[in-house]
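Residue numbers (our numbering), protein chains in the order written: chain R, 1 to 113; chain L, 1 to 112. Step one of this worksheet: look at the structure below.
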């Protein structure tokens, strides 16, 4: 079991560039989420999905897009990177809401210059 | 918006001592979870306590939940240097599609 796999681990973007952060899980979890972690702010929810084909916005969705075409994958797209999106991004999954703890990936550290 | 607020923000103790961290939240919940994060790493799930439970144990961890006060505490007994990490509480709501809402965390330093 690989758990939750995030790629890349580090990325530097120029303002205005776009990119996709990849997230894959092999635990057949229905729920998947993306969080960003900024110093002193804890983790804030960007987007989440409760199953293939179903996504919804979290607390800080602006500037990000998601899709969920398969149970395993939940990519996060930055449409036009801004310095305010410099952060550490975590993907997480759980079997279903309210059923147990979440499994987190190791994170992607993104710097936008 | 942040749901949970941990207290204290930072805690420094000696090996062998107990560490207690507190968490308060604002809305009704299905469950409350505690996570550990080592520096630069992902979060690791420690324990989940449901809204109808008052206390739960796992190894050296003891979690309490008081839904009337909307608060929880995490006790780590006989701390070790390896317990040095940030600890976060997170709540899962009880309506609609649930998501985890995190507090800002407590940084625990355990000195040998």
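Virtual Cβ for every residue (Gly too), placed ideally from N, Cα, C.
- Of the residues assessed, residue 82 of chain L falls on the exposed side of the cut-off, its CB having fewer than 16 other CB atoms within 10 angstroms.
- Per DSSP, reduced to three states, the secondary structure at residue 56 of chain R is strand.
- For the stretch 44-69 of chain L, the full-length beta strand (DSSP E) segments reaching 3 residues or more read 55-58 and 61-66 along the chain.
- Contact between the stretch 80-97 of chain R and the stretch 11-18 of chain R is present, with at least three C-beta pairs closer than 8 Å.
- Rounded to whole angstroms, the separation of the alpha carbons of residue 50 of chain R and residue 97 of chain L is 7 Å.
- Taking 8 Å as the upper bound for CB-CB distance, residue 58 of chain L and residue 49 of chain L are not in contact here, some 10 Å apart.
- Each of R:64, R:33 and R:68 was checked against the Cα of residue 86 of chain R, and the nearest Cα belongs to R:64.
- From the beta-carbon of residue 56 of chain L, no residue of chain R is found nearer than 8 Å; the closest lies around 12 Å away.
- For the 8 Å CB-CB criterion, residue 90 of chain L and residue 106 of chain L do not form a contact.
- Taking 3 residues as the shortest admissible run, the stretch 35-83 of chain R contains the following complete beta strand (DSSP E) segments, listed from N- to C-terminal end: 42-51, 54-57, 64-66 and 76-78.
- Residue 85 of chain R carries a helical assignment under DSSP once its states are collapsed to helix, strand and coil.
- Here residue 68 of chain R is buried, its C-beta having at least 16 other C-beta atoms within 10 Å.
- As far as DSSP is concerned, residue 113 of chain R takes part in no beta bridge.
- In the three-state reduction of the DSSP assignment, residue 83 of chain L falls in the helix class, which pools H, G and I.
- Burial state of residue 10 of chain R is exposed, judged by a 10 Å Cβ sphere holding fewer than 16 other Cβ atoms.
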